[in-house]
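When the count follows the numbering used here, it moves up by one through the sequence shown with no breaks and lands on 217 for the last residue. For reference, the structure is listed below as structure tokens.
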Amino acid sequence: MTSGDWQLAQINVARLLTAADDPQVAEFFEELDRINALADESPGFVWRLQEESGNATDIQATPDERLIVNMSVWDDADTLFEFVYRSAHTPVMAKRRQWFERCGGAYQALWWIEAGHEPTVDEGLARIWMIDRYGSTPQAFSFKARFPVPGMAGAPADMKPDPWYVGTA
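In structure tokens:
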């Protein structure tokens, strides 16, 4: 396989401070359509988890009703990094402490998938568990220790994400 046969999957999870219908988290939900549209139109974007509503906040991935899951697939790590840290997504992400609890462990995972594969929520949650258990590995990593595409030589690269958002607590 060549590097063109691979895409980058990402998952991030967050636990709302309050119930979804509480005014304290209303601004987060008000921003969703705009940020999702921005992702959909971004270079390198391939796919994102969503329901008929156009977002994934209604997907109950765990028994915790306040846990929100976000997953997407990108052509490569650089295009995802640009969206996360260099777009209109960034100032909204910077407000996350207004809406979400501080996580006690990993809350983001990146991993390479064969082009065309749509990862499942269970697959993504397993990748977060791997980071919590083993740290960054070729099977689950972060922007701080991004592993190369399978079959490509190279050490993990530090993409130098902003220190307040590296995917772990």
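Yeah, the Cβ is synthetic: ideal placement off N, Cα and C, and Gly gets one too.
- According to the DSSP assignment, V73 belongs to no alpha helix (DSSP H), since it is labelled neither H nor E.
- Under the rule that a run must span 3 or more residues, the beta strand (DSSP E) segments found entirely inside the region 134-172 read 156-162.
- DSSP, read as helix, strand or coil, puts T110 in coil.
- Here the region 72-79 makes no contact with the region 179-192; the two share fewer than three CB pairs at distances below 8 Å.
- Annotation: the continuous beta strand (DSSP E) that includes M119 extends over L115 to W122.
- Ranked by Cα distance from E149, the first of P196, D180 and L64 is L64.
- In this structure, the CA atom of I83 is about 13 Å from the CA atom of A142.
- Straight-line measurement puts the Cα of F129 at about 24 Å from the Cα of L115.
- Taking C-beta atoms under 8 Å as the contact rule, I59 and N118 qualify, at a distance of about 7 Å.
- In terms of CA proximity to R194, W159 leads the group W159, G172 and Q55.
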